[in-house]
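Encoded as structure tokens, the structure appears first; notes follow it.
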Amino acid sequence: MFLLLEDDDVALMENVVALVRGDGETAILMADNKVKATGFTPRTLARRSSRFWLKEAKWKERLK
């Protein structure tokens, strides 16, 4: 699963170690010691990603 970030950026969930919210942004700590920053809250990130995968599943069903 992916976290959908701003500007077509994504983070692969298996590489995410932690989400830390503070000072109006969320830091995404990655397994390779990199840090990505987003203005989205962790709850918003989860909702955006879930919505994307649900829409994708519905699209695949229509192709069958």
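Under numbering that gives the first Met the number 0, the first residue of the sequence shown is numbered 0, with each subsequent residue one higher.
The beta carbon of each residue, even a glycine, is placed where N, CA and C say it ideally should be.
Asked, Found
"Cβ-Cβ separation, L2 to V15 (assumed contact under 8 Å), whole Å", "7 Å"
"Close Cβ partners of G38 (< 8 Å) along its chain, the five nearest in sequence each way excluded", "E5, G23, E24, T25"
"Where the beta strand (DSSP E) containing G21 begins and where it ends", "15–21"
"8 Å Cβ cutoff met for I27 and A10", "yes"
"One or two residues paired with A30 in a DSSP bridge", "A30 pairs with nothing; no bridge assigned."
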